[in-house]
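The block underneath contains the structure these notes are about, expressed in structure tokens.
Residue numbers (the numbering used here): 503 to 606.
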């Protein structure tokens, strides 16, 4: 899965909210659906996209399936963002200076 697909998966607000909800721990699809106006098939599709992107993993316990965040997917996001780590501080400092000059 390339970075483009990873961020496409998170571009959808519902998938992003599901991903963030899983930060609290494992949940089944029914619990994840609470608070969303989604059918079970729609939630399953969102979970499939997140799973295909490598952002979540599933564990089957008999008939029950629990979903959790996949640390490898989070690591890929972190790796991508870390490339820009050196870029932003100087840009923010430049912006602060520009705003100070504009205030004077």
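Ideal Cβ placement from N, Cα and C applies to all residues, glycine included.
Considering only residues of the same chain and omitting the five flanking positions on each side of residue 575, which have a CB-CB separation below 8 Å? The answer, listed in chain order, is 508, 555, 556, 557 and 558.
Would you say the region 520 to 528 touches the region 569 to 583, given that touching needs at least three Cβ pairs under 8 Å? Judged by Cβ distances under 8 Å, the region 520 to 528 makes contact with the region 569 to 583, as three or more pairs qualify.
So residue 551 and residue 578 are in contact, right, with Cβ under 8 Å, and what is the actual spacing, rounded? 15 Å between Cβ atoms; not a contact.
Go through its chain and collect everything with a Cβ distance to residue 582's Cβ below 6 Å, but skip five positions before and after it. Excluding sequence neighbours, residue 582 sits near 505.
Hey, could you find the ends of the beta strand (DSSP E) residue 570 is sitting in? Unbroken beta strand (DSSP E) run through residue 570: 566 to 571.
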